[in-house]
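Heads up: take any position in the sequence shown, counting from 1, add 10, and you land on the numbering used here.
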Amino acid sequence: MITITDQAATKLKELLQTQEQPGLYLRLFIQPGGCEGFSYGMGFDAERRTDDQIFERGGVQVLVDASSLQYLSGAQIDYTKSTFGEGFTVRNPNAVSTCGCGHSFRTRHDAGQAQPCDDATAHTQTTQA
């Protein structure tokens, strides 16, 4: 299961209203890459696939394919604001190590396909399980 905070649902609803195509979903997915092996991806999608799981909050529907769900089970999508900026975050209990930028992770059982980090300020953070 994936949860969506009220703040994330509100922001997603705002963003969906600016799109010219009604009936869009937010797709959350995992792809190989990043300095820790897996990277998060998000984007709008008009199509629901047969292996998609759907999660809903506040009228916003989030799609996650079966392959990505194995790495995202129990995750939370949030939207945060700080003095450094604002944006969506994924709190992922499956990540045992993350890049300092927060865009890349690895799990206890799968290191993914790590690539050199292009952000000189990013560093690896290990999460205690």
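Backbone N, C-alpha and C define an ideal beta-carbon position, used for all residues, glycine too.
{"Query": "Are S78 and L38 closer than 9 Å when you measure CB to CB?", "Result": "yes"}
{"Query": "Restricting to runs no shorter than 4 residues, where is the alpha helix (DSSP H) found entirely within the segment 11-78?", "Result": "16-27"}
{"Query": "To the nearest angstrom, report how far apart L25 and A19 are at their CA atoms.", "Result": "10 Å"}
{"Query": "Please say whether A85 and V70 have beta carbons closer to each other than 9 Å?", "Result": "no"}
{"Query": "I'd like to check one pair, D55 with L36: are the Cβ atoms closer than 9 Å?", "Result": "yes"}
{"Query": "When the distance is taken between beta carbons, is K21 closer than 9 Å to F98?", "Result": "yes"}
{"Query": "By DSSP's criteria, F98 is part of a beta bridge. Which residues make up the other side?", "Result": "Y89"}
{"Query": "Would you say the beta carbon of D61 comes nearer than 8 Å to a heavy atom of the ligand GTP?", "Result": "Here there are no bound small molecules, and the ligand GTP is not part of this structure."}
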